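Asker: I have a structure here, written as C-alpha cells, and I will follow up with some questions on it.
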Amino acid sequence: MTAKSRTELMWFKSSHSTDDGPACVEVATTPDIIHVRDSKHIEGPHLTFSPTQWATFLPYASGRR
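Sequential numbering from 17 applies to the sequence shown in our numbering.
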C-alpha cells in the first residue's frame with residue numbers, strides 16, 4: 017500500500033485514548049483488510065490483518081481470551 021492510499025483511509029482511535037497518551041493505536045478498515053498504526057507515527061509501518069485474523073487477534077489484545 018502506498019503512503020498516498022494509506023492517508024486516504026478513515027482512521028479511528030479509541031475513545032479511551034488521549035492525544036498525549038504513550039500507547040495509542042489507530043485502526044482503519046476496508047472490506048478485506050484491517051490496518052493498525054501507531055497514532056504518534058502515522059507515516060511509519062503499520063500492521064494489516066484479514067477480518068478472520070483480526071477477530072482472532074482482538075481477544076488477545078484486549079486481555080479477554
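We treat Cβ as the ideally placed atom computed from N, Cα and C, and that holds for glycine.
Source: prediction; values computed, not measured.
Return the CA-CA distance between cysteine 40 and aspartate 48, expressed in angstroms with no decimal places.
Answerer: 23 Å
Asker: Just verifying my parser: in three-state terms, what is the DSSP assignment at leucine 63?
Answerer: strand
Asker: With 16 as the cutoff for other CB atoms within 10 Å, does glutamate 24 come out buried or exposed?
Answerer: Counting the other Cβ atoms within 10 Å of the Cβ of glutamate 24 gives fewer than 16, which makes it exposed.
Asker: Give me, in chain order, the residues of the same chain whose beta-carbon lies closer than 7 Å to that of methionine 26; leave out the 5 immediate sequence neighbours on both sides.
Answerer: Ala44
Asker: Within its chain, find whatever has a CB closer than 8 Å to the CB of glycine 60; leave out the 5 residues flanking it on each side and keep chain order.
Answerer: Arg53 and Asp54
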